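Okay, structure first, notes after.
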Amino acid sequence: MKKHIPNLITCCNLISGCFSILFATRGMLEIASWMILLSATFDFFDGFAARMLHVSSPMGVDMDSLADVVSFGVAPTIIVFHFLSRLVENLPPALRDSGVGLLPFVVFIVPAMSAFRLAKFNHDERQHVEFRGLATPANALFIGFLHFSSKSIPVFNNFWLVLVLVVLFAVLLLTDIPMFSLKFKHLKWKGNAVRYVFLALSAVLFAIFHFGALPIIIMCYILTSLIILPFKNQMQ
Numbered sequence: 298m299k300k301h302i303p304n305l306i307t308c309c310n311l312i313s314g315c316f317s318i319l320f321a322t323r324g325m326l327e328i329a330s331w332m333i334l335l336s337a338t339f340d341f342f343d344g345f346a347a348r349m350l351h352v353s354s355p356m357g358v359d360m361d362s363l364a365d366v367v368s369f370g371v372a373p374t375i376i377v378f379h380f381l382s383r384l385v386e387n388l389p390p391a392l393r394d395s396g397v398g399l400l401p402f403v404v405f406i407v408p409a410m411s412a413f414r415l416a417k418f419n420h421d422e423r424q425h426v427e428f429r430g431l432a433t434p435a436n437a438l439f440i441g442f443l444h445f446s447s448k449s450i451p452v453f454n455n456f457w458l459v460l461v462l463v464v465l466f467a468v469l470l471l472t473d474i475p476m477f478s479l480k481f482k483h484l485k486w487k488g489n490a491v492r493y494v495f496l497a498l499s500a501v502l503f504a505i506f507h508f509g510a511l512p513i514i515i516m517c518y519i520l521t522s523l524i525i526l527p528f529k530n531q532m533q
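Below is the structure:
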C-alpha cells in the first residue's frame, strides 16, 4: 500500500492544477492561484513521501512530470493570460486595434517550455544537487501570482512589463544557469549564510506584501543565484 502513497499525492497535485484551470477560465484568478500554491505543496510532499518510504520509481517520476505540466505549465498560463487580457483594456484604443490585443497569446509558450524543462530535469543528473535553470513550480508561482502583486505594486499593472517578464521567465526554464538550493545539509551559519539571508528577506517581503510577495521573492531568488554564482563552491 505504501508504494502508492507518493502517486496518490501526485494525483492531488494534478487535480489541484485542473481546478486552477477551471477557476481561471471563469475569471476567478485568486482562487486559481491558491490552487497552484496547493499543487506546489503536494509536489513537495510527493517527493518527500517517496524518499521517506523508499518507494521511488520511474512511473512515479513520469507521473510527477505529467502532473507538473498541467499544474505548473498550463494552469499559471491561463491565469496570466486572463490577467494580461485585462491589462490590454488599459492600453490606448489605437494600440488595441493594431493587433497588440493578440499579444497575450504569446504566453502559451510557457506550457511548451515547461514540458521541455521537466523532460530535461528527468535526464540531467546534475539537477539532483542543484537546479539548472528556473524550476517549473517557481515559474508557476511567479506568473500565477503577478495579479496579486499588481494590487500593491503598481508597476505590475504595466502590460508590457508583465508580458516581457513572462517570456523572460519562460526562457529561464531552459537555461543552464545554476540556481542555489534551499536544502540544508546542516543548520550552521557557515555554508548556509545565503540561505538564511534569503529566507529572512523572504519573510520580510511576505510580511509587507503578503502573497503578492511571491513574484518578488522568486525574482530575488534568481538574482541571488546569479550574484553568488562565482562563489557557489563555498556553499556546498
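Residue numbers (my numbering): 298 to 533. Heads up, the beta-carbon is just placed ideally off N, CA and C, and yes, glycines get one too. Please read all numbers here as calculations on a predicted model, not as lab measurements.
- The DSSP assignment places no complete beta strand (DSSP E) segment of no fewer than 3 residues inside the region 385 to 422.
- Annotated three-state conformation of Phe442 is coil, per DSSP.
- By DSSP's assignment, Met476 forms a beta bridge with Phe428.
- For Pro434 against Ala337, the beta-carbon gap comes to about 5 Å, under 8 Å, which counts as contact.
- In this structure the region 506 to 525 lies against the region 431 to 450, because at least three pairs of beta carbons, one per stretch, are closer than 8 Å.
- The Cβ atoms of Phe439 and Phe418 lie no closer than 8 Å to each other.
- One thing to note: Asn304 has its Cβ within 8 Å of the Cβ of Gly357.
- Between Ser478 and Phe428, the alpha-carbon positions lie close to 7 Å from each other.
- For Pro303, the enclosing alpha helix (DSSP H) has its first and last residue at 302 to 322.
- With a 10 Å radius around the Cβ and a threshold of 16 neighbouring Cβ atoms, Tyr493 comes out exposed.
- Within the same chain, Arg414, Lys417, Leu469, Leu470, Leu471, Thr472, Asp473, Ile474, Met476 come within 8 Å of Gly430 by CB-CB distance, once the 5 residues on both sides are set aside.
- Residue nearest to Ala372 within the set Val491, Val404, Phe342 is Val404 (criterion: CA-CA distance).
- Here Ile318 is actually not in contact with Ile406; their C-beta atoms are around 17 Å apart, not less than 8 Å.
- Asn387 sits exposed, since fewer than 16 C-beta atoms from the chains shown fall within 10 Å of its C-beta.
- Linking Ser330 to Ala321 through their CA atoms gives a straight-line distance of about 8 Å.
- The beta carbon of Thr521 lies closer than 8 Å to those of Phe477, Val491, Phe495 in the same chain, with the five residues before and after it left out.
- Ala437 is not a Cβ neighbour of Ser499, given a cutoff of 8 Å.
- Distances from the CA of Leu458 to each of Val377, Ala412, Phe503 were compared; the closest alpha carbon is that of Val377.
- Ile302 places its beta carbon 8 Å or farther from that of Leu381.
- Comparing alpha carbon positions, the residue from Pro355, Pro512, Phe456, Leu462 closest to His420 is Pro355.
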